[in-house]
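Asks: Quick one: this structure, given as structure tokens, is what I'll be asking you about.
Number of protein chains: 2
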Amino acid sequence: MNPFDLKDYLVQRRVRIEDSLKALLNDRTVPNSRVGEAIRYSLLAGGKRLRPILCLAACEAAGGDANDALAAACALELIHTYSLIHDDLPAMDDDALRRGVATCHTKFDEATAIMAGDGMLTLAFEVLSDTWVESQNRFGPSEKIAVIHRVASAAGIRGMVEGQMRDIAAEGSALSLEDLTELHRLKTGVLIEAAVWCGGFLAGAQDHLLDELGRYGRSVGLAFQVTDDILNVAGDPEKLGKSVGTDAKRKKSTYPSLLGLSSSKTWARELVKEAIDAVSGFDHRAEPLRAIARYVADRQR
Amino acid sequence: MNPFDLKDYLVQRRVRIEDSLKALLNDRTVPNSRVGEAIRYSLLAGGKRLRPILCLAACEAAGGDANDALAAACALELIHTYSLIHDDLPAMDDDALRRGVATCHTKFDEATAIMAGDGMLTLAFEVLSDTWVESQNRFGPSEKIAVIHRVASAAGIRGMVEGQMRDIAAEGSALSLEDLTELHRLKTGVLIEAAVWCGGFLAGAQDHLLDELGRYGRSVGLAFQVTDDILNVAGDPEKLGKSVGTDAKRKKSTYPSLLGLSSSKTWARELVKEAIDAVSGFDHRAEPLRAIARYVADRQR
């Protein structure tokens, strides 16, 4: 057996997801629409596509066909990208650069960026309730409802939106390690966990496997955030495609500011180990999940 | 038979909807959450509740129990209120007053208002995919999926979001009557039509009745907008709970600016007649729909 090539896997999955996103936008956006153009700009500006790739990889790990999770994967990327567009707004983080290019409100304007975000969030639920992706036809309405409910709960006021609110509110004030971790669980963790859950669920995985995927998702989500904080201190802005040192400038509590850089790195590695352990009951088809967990803490961008 | 008392009907329906919205927020918001507080503030600041009332009234007109449409009604009001919060932002219409009180970003701040809107939009889909309202249990997942798809499509980039984009883009430039009507169809019409459709659908109405309700919704939606434009010229800011003369100040094309005030009033009355005609095949249970159509053009606020 050839050793698993993560780089190749990620490229293939990214292409599949981006092709689907392009097809979706071609199908759904109104010709010559300014908000449609802004959505296309932000959605196709690159990015790691971590959430949709995790969704597809979890589907395969649980024995499913990755195509079956394609609509859910696209919806998750729509929601993630909307959250970035709104986070970057002047009233929020006021960032000029994202994924190596001008942020949506810098390229267009604030009003357009707000509406592009609103449109993408809504489009996610349009996709999840649709039969746009051929393979969606394989699922009955009860599977679709379960996925919609999981995604809406993760993205909403008891998930991502609450996490983002706490993130903004916490600027300039010192958080405890516990509060910081809860903030990140809400802001990024629950959506990543939902991505993995959706993949497993659409593969027909049983509850105990979904629980294991859930533990994997929680650990990977946190490892991702700890690494994000580390990269904001010690990363290369060129590779990252965004500015560094911004957390310190905003006096944000981060893992490096609370634990130090070295302990943060150690912790990220421990979280990766926990993630890999969580899926130890899965066979070789979970190799992408294991490799992604390692990548999440080793990444340079 | 007593004559139908619209005022009494509207009060009763408003109370039922607002009680449900309060129960929803009590159930779903995180204690001491700033974004939860902002959502509560904006959602419970009053308002006509036109969309949820139309949803319940259409359900009854088609022979259903209004309670069956309560979750859909709440979701529609969440979406409508989110759109108001985002429309009022400084980058959009920059309004300080809404429903007679300070707008969300004025009372809280811009970041909180953006997230409150995002949270409400997401909560709408959480509610629609849930069994939160007791009567939701009466519906199977396929009914829920149909409602979610209709609502998401109406609120999204081929509906409300596109309409709002055109509205912002059109400021300061003269629109044709046709373009103005298409703008309003997208911005408000499709969501009102979706409200009526959901009510009828959840009552189990057959396709030809849903078509008639659709025609009613389109006419009422447009009559509502024509009247909105008229009130912005000739209304009483005290009664309206918002400023008047703002359209002219922003050089927005409106029905009065294109047709004159008198012809606009005539057209609003014609649209009301069309709406009433559309539901002529319904029995006395459609009396609320007929009375609401008349009210939409006669209203002072």
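As they're listed, the protein sequences go chains A and B.
The letter at position 25 of the first sequence is residue 23 when you use our numbering, and the numbering goes up by one with no holes.
The letter at position 113 of the second sequence is residue 111 when you use our numbering, and the numbering goes up by one with no holes.
Beta carbons are placed, not taken as given, at the ideal position from N, Cα and C, and that holds for glycine.
The structure displayed is predicted, hence computed values, not measured ones.
1) Assuming Ala201/A contacts Asp66/A (C-beta within less than 8 Å), just tell me the rounded distance between them.
2) With burial defined as no fewer than 16 other Cβ atoms inside 10 Å of the residue's Cβ, what is the status of Pro1/A: buried or exposed?
3) Which of the three DSSP states, helix, strand or coil, is assigned to Arg96/A?
4) Measure from the alpha carbon of Val28/B to the alpha carbon of each residue in Glu180/A, Ser171/A, Arg156/A and Gly239/A, then state which is nearest.
5) Anything in chain B within Cβ reach of His84/A, meaning under 7 Å, just list it in chain order.
6) Along the stretch 208 to 229 of chain B, what residues have a CB closer than 8 Å to any CB found in chain A?
7) I'd like to know whether the C-beta of Pro254/A is nearer than 9 Å to at least one C-beta of chain B.
8) Under three-state DSSP, which class holds Arg299/A?
9) Threshold first: 4 residues or longer. Then list the alpha helix (DSSP H) segments lying entirely within the stretch 130 to 203 of chain A, N to C.
10) Give me, in chain order, the residues of the same chain whose beta-carbon lies closer than 6 Å to that of Leu175/A; leave out the 5 immediate sequence neighbours on both sides.
11) Would Ile190/A pass as a contact of Phe222/A if the rule is Cβ separation under 9 Å?
12) When you compare each of Ser127/B, Leu87/B, Val224/B and Lys249/B to Ala150/A by their alpha carbons, which one comes out closest?
13) Can you list, in chain order, the residues of the stretch 29 to 63 of chain A whose Cβ is nearer than 8 Å to any Cβ on chain B?
14) Any C-beta of chain A sitting closer than 9 Å to the C-beta of Ser171/B?
15) Within this structure, are the beta carbons of Asp116/A and Ser81/B separated by less than 9 Å?
16) Take Lys249/A and list the residues in its own chain whose beta-carbon comes closer than 6 Å to its own, dropping the five residues that flank it on each side.
17) Let's see if you can read the secondary structure: which residues bound the alpha helix (DSSP H) around Asn24/A?
18) Span of the alpha helix (DSSP H) holding Asn230/B?
19) Would you call Gln162/B buried or exposed, if buried means 16 or more other Cβ atoms sit within 10 Å of its Cβ?
20) Just verifying my parser: in three-state terms, what is the DSSP assignment at Val277/A?
21) Evaluate Asn230/A with the Cβ neighbour count: other Cβ atoms within 10 Å of its Cβ, from every protein chain shown; 16 or more gives buried, anything less gives exposed.
22) Touch check for the stretch 38 to 46 of chain A and the stretch 13 to 26 of chain B: three-plus C-beta pairs under 8 Å?
23) Determine the direct distance from the alpha carbon of Arg14/A to that of Gly198/A, and round the result to whole angstroms.
24) Note down, in chain order, every chain B residue with its Cβ under 7 Å from the Cβ of Ser140/A.
25) Would you identify the three-state DSSP class for Lys263/A, choosing helix, strand or coil?
26) Let me know the secondary structure DSSP gives Ser40/A once reduced to three states.
27) Can you tell me the Cα-Cα spacing of Gly215/B and Leu259/B, whole angstroms?
28) Is the beta carbon of Gly154/A sitting closer than 9 Å to the one on Thr120/B?
29) Name the two residues that bound the continuous alpha helix (DSSP H) containing His78/B.
30) Residues of chain B with a CB under 9 Å from the CB of His78/A: which are they?
31) Along chain B, which residues have their Cβ under 7 Å away from the Cβ of Glu160/A?
32) Is it the case that the stretch 47 to 65 of chain B contacts the stretch 280 to 287 of chain B, given that we only count it when at least three CB pairs across the two stretches are under 8 Å?
33) Given this structure, state the Cα-to-Cα distance separating Ala69/B from Gln298/B, to the nearest angstrom.
34) Please list, in chain order, the residues of the stretch 142 to 154 of chain A that have any C-beta partner in chain B closer than 7 Å.
Replies: Result, derived from the coordinates:
1) The Cβ separation is near 7 Å, so the contact holds.
2) Looking at its Cβ environment, which holds fewer than 16 other Cβ atoms inside 10 Å, Pro1/A is exposed.
3) Looking at Arg96/A - three-state DSSP - the assignment turns out to be strand.
4) Of all alpha-carbon atoms in Glu180/A, Ser171/A, Arg156/A and Gly239/A, the one lying nearest the alpha-carbon of Val28/B is that of Arg156/A.
5) Within chain B, the residues near His84/A are Ile112 and Asp116.
6) For the stretch 208 to 229 of chain B, the set of positions with a beta-carbon nearer than 8 Å to some beta-carbon of chain A is empty.
7) Closer than 9 Å to the CB of Pro254/A there is not a single CB belonging to chain B.
8) Here Arg299/A carries a coil assignment [DSSP, helix/strand/coil].
9) The qualifying runs are 139 to 153, 158 to 168, 175 to 182 and 188 to 200.
10) Correct list, in chain order: Leu256.
11) Ile190/A is a Cβ neighbour of Phe222/A, given a cutoff of 9 Å.
12) If we check each option's Cα against that of Ala150/A, Ser127/B comes out closest.
13) Cβ contacts with chain B: Ser31, Arg32, Val33, Gly34 and Ile37.
14) False, the Cβ-Cβ gap to chain A never drops below 9 Å.
15) In this structure, the beta-carbon distance from Asp116/A to Ser81/B falls below 9 Å.
16) If we look at Lys249/A and ignore the five residues flanking it on each side, its Cβ neighbours are Gly170.
17) For Asn24/A, the uninterrupted alpha helix (DSSP H) run begins and ends at Leu4 to Arg26, by DSSP.
18) Asn230/B: member of the alpha helix (DSSP H) spanning Asp205 to Ala232, first to last residue.
19) Label assigned to Gln162/B: buried.
20) Note: Val277/A maps to coil in three-state DSSP.
21) Classification for Asn230/A: buried.
22) They do not touch, by the three-pair rule.
23) Rounded to whole angstroms, Gly198/A to Arg14/A spans 19 Å at the Cα level.
24) Correct list: Pro139.
25) Three-state result, Lys263/A: helix.
26) Here Ser40/A sits in helix by DSSP.
27) Between the alpha carbons of Gly215/B and Leu259/B lies a distance of about 24 Å.
28) Yes, the Cβ-Cβ distance between Gly154/A and Thr120/B is below 9 Å.
29) Looking at the DSSP string, the run of the alpha helix (DSSP H) that includes His78/B is Leu68 to Asp85.
30) The premise fails here: His78/A is roughly 13 Å from chain B at the closest Cβ pair, so nothing lies under 9 Å.
31) Val28, Ser31 and Val33, listed in chain order.
32) The stretch 280 to 287 of chain B is in contact with the stretch 47 to 65 of chain B.
33) So the alpha carbons of these two residues sit roughly 29 Å apart.
34) Residues of the stretch 142 to 154 of chain A with a C-beta atom less than 7 Å from some C-beta of chain B are Lys142, Ile143, Ile146, His147, Ala150, Ser151, Ala153 and Gly154, listed in chain order.
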